[in-house]
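Student: This is the structure, below, for whatever I ask next.
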Amino acid sequence: MLHHVADQPHSSLKKWCISHNKFLELLDQIEQKGLVPTTFREIVELNLNESGLKDKVIISFDDCSAALFDFAIPELLKRKFKAVFYMPSAHIGDLNIWDIEEHAMESVSLMNETQLQQLVVLGMEVGSHGEKHLRLDSVNEQLAFDDMLNSKKTLEKLLDTKIYSFAFPYGKMPANHKKMLRKAGYQYGLSIYTAFETNYALRRFAINEKDGKEAIDLKLSGKYRLMRFFYDPIFLLKNSFFKA
Ligand SMILES: [Zn+2]
Numbered sequence: 064m065l066h067h068v069a070d071q072p073h074s075s076l077k078k079w080c081i082s083h084n085k086f087l088e089l090l091d092q093i094e095q096k097g098l099v100p101t102t103f104r105e106i107v108e109l110n111l112n113e114s115g116l117k118d119k120v121i122i123s124f125d126d127c128s129a130a131l132f133d134f135a136i137p138e139l140l141k142r143k144f145k146a147v148f149y150m151p152s153a154h155i156g157d158l159n160i161w162d163i164e165e166h167a168m169e170s171v172s173l174m175n176e177t178q179l180q181q182l183v184v185l186g187m188e189v190g191s192h193g194e195k196h197l198r199l200d201s202v203n204e205q206l207a208f209d210d211m212l213n214s215k216k217t218l219e220k221l222l223d224t225k226i227y228s229f230a231f232p233y234g235k236m237p238a239n240h241k242k243m244l245r246k247a248g249y250q251y252g253l254s255i256y257t258a259f260e261t262n263y264a265l266r267r268f269a270i271n272e273k274d275g276k277e278a279i280d281l282k283l284s285g286k287y288r289l290m291r292f293f294y295d296p297i298f299l300l301k302n303s304f305f306k307a
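Number 72 in this note's numbering belongs to position 9 of the sequence shown; there are no gaps in the numbering.
Now the structure itself:
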């Protein structure tokens with residue numbers, strides 16, 4: 064899970080940003096480990112099973128900052144790497160309003176319609192990041208479902224292609240997320256912390272600027288996935304305890 068790739072980000076964006084070098088380190092390690100970046104479209108169309116997925120990795124970007132076209136996307140293309148880009152559909156060609164309003168974060172220009180269409184032409188995948196980047200675990204069920212369905216419709220109409228996956232903003236999933244995503248026509252849902260991974264709550268791992276070679280190597284391994292399987296339930300429990 065990535066957001067921004069920039070060398071001198073505004074201090075409010077630092078947490079969600081990796082430098083050009085860190086991004087190249089990640090791509091180098093993917094290559095060195097013999098991993099092949101794929102997309103959800105490819106997984107569905109090629110009907111990849113467990114053994115077909117063994118050497119695959121999904122590189123994903125949330126929020127669709129337009130600046131990804133300056134460095135990250137050209138670097139992916141140089142290596143013929145695919146990636147999935149998650150766009151909040153009500154903010155196409157707009158700014159990261161939710162960050163600005165809630166956290167007074169620096170404004171970031173998001174991809175416009177032409178840039179999203181260009182991604183598809185380049186063989187990349189666009190997924191839904193909801194309509195308005197809401198915390199879907201804290202709105203009513205109808206609103207959450209409408210957000211999933213409408214964002215899918217908007218993107219499908221714009222891109223003339225099927226939208227396969229939904230990345231929950233903030234990783235926040237409503238209790239009935241599986242049923243809702245399925246009903247809205249998605250095949251995959253992406254979470255961040257989840258006690259039990261399913262196709263509708265896939266675990267994502269963020270790559271951070273402070274991650275050294277070993278940390279990236281670990282995050283790209285099955286070992287890390289196993290570690291998180293044990294650690295995440297404790298993390299969730301601890302969080303709900305402190306919230307209470
Ligand atoms: Zn986001």
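Quick reminder that beta carbons are idealized off the backbone N, C-alpha and C, glycines included.
What distance in whole Å lies between the Cβ atoms of D210 and G193, which are believed to be in contact at a cut-off of 8 Å?
Tutor: As a working note, residue 193 is residue 130 in the sequence shown. As a working note, residue 210 is residue 147 in the sequence shown. With a Cβ gap of about 5 Å, G193 and D210 count as contacting.
Student: Would you say V184 and L222 are within 7 Å of each other, going by their C-beta atoms?
Tutor: As a first step, residue 184 is located in the sequence shown; it is residue number 121 there, counting from the start. As a first step, residue 222 is located in the sequence shown; it is residue number 159 there, counting from the start. Not closer than 7 Å, so no.
Student: According to DSSP, is E169 helix, strand or coil?
Tutor: Stepping through the sequence shown from its first residue, residue 169 is reached at position 106. Here E169 sits in coil by DSSP.
Student: For ligand 1, I want to know if D125 counts as a neighbour, meaning its beta carbon is within less than 6 Å of at least one of the ligand's heavy atoms.
Tutor: Within the sequence shown, residue 125 is the residue found at index 62, counting from 1. Flag set: Cβ of D125 near ligand 1.
Student: Go through its chain and collect everything with a Cβ distance to E260's Cβ below 7 Å, but skip five positions before and after it.
Tutor: Residue numbering aside, residue 260 sits at position 197 when the sequence shown is read from its first letter. The answer, listed in chain order, is R266.
Student: T257 to D295, Cα distance in whole Å?
Tutor: Indexing the sequence shown from 1 puts residue 257 at position 194. Indexing the sequence shown from 1 puts residue 295 at position 232. Cα-Cα distance, rounded: 7 Å.
Student: Give me, in chain order, the residues of the same chain whose beta-carbon lies closer than 8 Å to that of Q92; leave out the 5 immediate sequence neighbours on both sides.
Tutor: In the sequence shown, residue 92 corresponds to position 29, counting from 1. Closer than 8 Å at Cβ, skipping near neighbours: K276, I279, D280 and L283.
Student: Thinking C-alpha only, which one of E176, S128 and K145 is nearest L158?
Tutor: Your numbering for residue 158 matches position 95 in the sequence shown. Of E176, S128 and K145, the residue nearest in Cα terms is S128.
Student: What beta strand (DSSP E) runs, 3 residues minimum, are completely inside the segment 152-209?
Tutor: 188-191
Student: Less than 8 Å between C-beta atoms, sequence neighbours within five positions excluded: which residues of the same chain meet that for F134?
Tutor: Sequence index remark: in the sequence shown, residue 134 carries index 71 (1-based). Non-local beta-carbon contacts of F134 in its own chain, meaning distances under 8 Å to residues more than five positions away in sequence, involve V68, A69, H83 and F86 in chain order.
Student: Only counting the same chain, and skipping five residues up and downstream in sequence, which positions put a Cβ closer than 6 Å to that of S254?
Tutor: Locating residue 254 in the sequence shown gives position 191, where the first residue counts as 1. Once the five neighbours on either side are set aside, the close Cβ partners of S254 are F231, G234, M236 and A264.
Student: Would you list, in sequence order, the uninterrupted alpha helix (DSSP H) runs of no fewer than 4 residues that lie entirely inside the segment 211-268?
Tutor: 240-247
Student: Quick one: grab the DSSP three-state call for S284.
Tutor: Indexing the sequence shown from 1 puts residue 284 at position 221. Three-state result, S284: coil.
Student: Would the segment 163-172 count as touching the segment 144-153 if we require 3 or more Cβ pairs under 8 Å?
Tutor: no
Student: Just the Cα atoms here: how many angstroms apart are M96 and K225?
Tutor: Here the question's residue 96 lines up with position 33 in the sequence shown. Here the question's residue 225 lines up with position 162 in the sequence shown. First, the amino acid is wrong: residue 96 is Lys here, not Met. One C-alpha to the other measures close to 31 Å.
Student: What residues match up with P100 in a beta bridge as DSSP calls it?
Tutor: Translated into the one-based positions of the sequence shown, residue 100 becomes position 37. P100 pairs with V120.
Student: Of all the options H154, G190 and K77, which has the alpha carbon lying nearest to the alpha carbon of S123?
Tutor: Taking the sequence shown and counting its residues from 1, the one referred to as residue 123 is at position 60. With distances taken between Cα atoms, S123 lies closest to G190.
Student: Does ligand 2 have a heavy atom nearer than 6 Å to the CB of P232?
Tutor: As far as ligands go, the structure on display features ligand 1 and does not contain ligand 2.
Student: Are the Cβ atoms of E272 and I136 separated by less than 7 Å?
Tutor: Within the sequence shown, the letter at position 209 stands for residue 272. Within the sequence shown, the letter at position 73 stands for residue 136. No, they are not a contact pair.
Student: According to DSSP, simplified to helix, strand and coil, what is D70?
Tutor: Position 7 of the sequence shown, counted from the start, is the residue given in the question as residue 70. Note: D70 maps to coil in three-state DSSP.
Student: Which residues does DSSP pair with Y149 in a beta bridge?
Tutor: Sequence index remark: in the sequence shown, residue 149 carries index 86 (1-based). Per DSSP, D125 and G190.
Student: Residue range of the alpha helix (DSSP H) that I136 falls in?
Tutor: As a first step, residue 136 must be located in the sequence shown, where it is residue number 73. Segment A135 to K141, the alpha helix (DSSP H) holding I136.
Student: In or out: S201 buried (at least 16 other Cβ within 10 Å) or exposed?
Tutor: Position 138 of the sequence shown holds residue 201. So S201 counts as exposed.
Student: Could you name the residues of the same chain whose beta carbon sits closer than 6 Å to that of A269, not counting the 5 residues immediately before and after it, in chain order?
Tutor: Along the sequence shown, read from residue 1 onward, the residue named residue 269 stands at position 206. Hits under 6 Å: M64.
Student: What's the C-alpha gap between A307 and E165?
Tutor: On the sequence shown, residue 307 is found 244 positions in, with the first residue counted as 1. On the sequence shown, residue 165 is found 102 positions in, with the first residue counted as 1. Residue placement at A307 cannot be trusted, given a pLDDT of 42 that sits under 50; the coordinates are not used to answer.
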